[in-house]
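Single-structure report; data block below.
What follows is the structure, given as structure tokens:
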């Protein structure tokens, strides 16, 4: 269920489906790098202003699902205008800063974005740009990322399926909003 916080900037309502902490796993595969499964935590939050704050941390997983090493981290700010155009400023731990543009799909919680500008430090690896698709599907946040380098054409390299993390406070709020149950609790299921 998508909840819209009362203190959310009204212009951000179309992005409300992103809000919260999301955790899950995916696959990383790019030429010249070790293919692996990865774990991920993504947080979308807000403070009432006209943007969502975004952080993502990924880590390589071994065959048993244990964390092996950090993979990628990024943070940024997401905005949307009245025409459902999305703009993102993102910083990656590898020394890359990106500006992304795209759009929120009509009638569904799906966002397509592409890089418009990329700046890299001298220490960063080769990177030319990227493309991403985010979608809210049956309560999960799913995404696929593509990237290119001077030597590799744009191609998928990461994708993940993330579940929303529910805090104890959110569980308590859900419990308060449950309908009254019959005294024995069993009659409800008859």
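In full-length UniProt numbering, the protein residues as written are 1 to 190. In this text, a Cβ means the ideal position worked out from N, Cα and C, and glycines have one as well. All figures in this text were calculated on a predicted structure; none of them were measured in a lab.
- Note that the stretch 147 to 167 touches the stretch 8 to 27; at least 3 beta-carbon pairs, one per stretch, sit closer than 8 Å.
- Taking the CA atoms as reference points, residue 99 sits about 19 Å from residue 57.
- Counting along the chain, the unbroken beta strand (DSSP E) around residue 37 starts and ends at 36 to 45.
- DSSP places residue 102 in the uninterrupted beta strand (DSSP E) bounded by 96 to 104.
- For residue 149, there is no enclosing beta strand (DSSP E), since its DSSP letter is neither H nor E.
- For residue 60, the enclosing beta strand (DSSP E) has its first and last residue at 52 to 61.
- Membership of residue 159 in the beta strand (DSSP E) is indicated by the continuous run 155 to 164.
- Residue 22 and residue 143 have their C-alpha atoms spaced approximately 12 Å apart.
- Residue state for residue 30 is assigned as coil, using DSSP reduced to three classes.
- Assigned with DSSP and collapsed to three states, residue 172 falls in helix.
- Counting every other CB atom within 10 Å of its CB across the protein chains shown gives residue 82 a total below 16, marking it as exposed.
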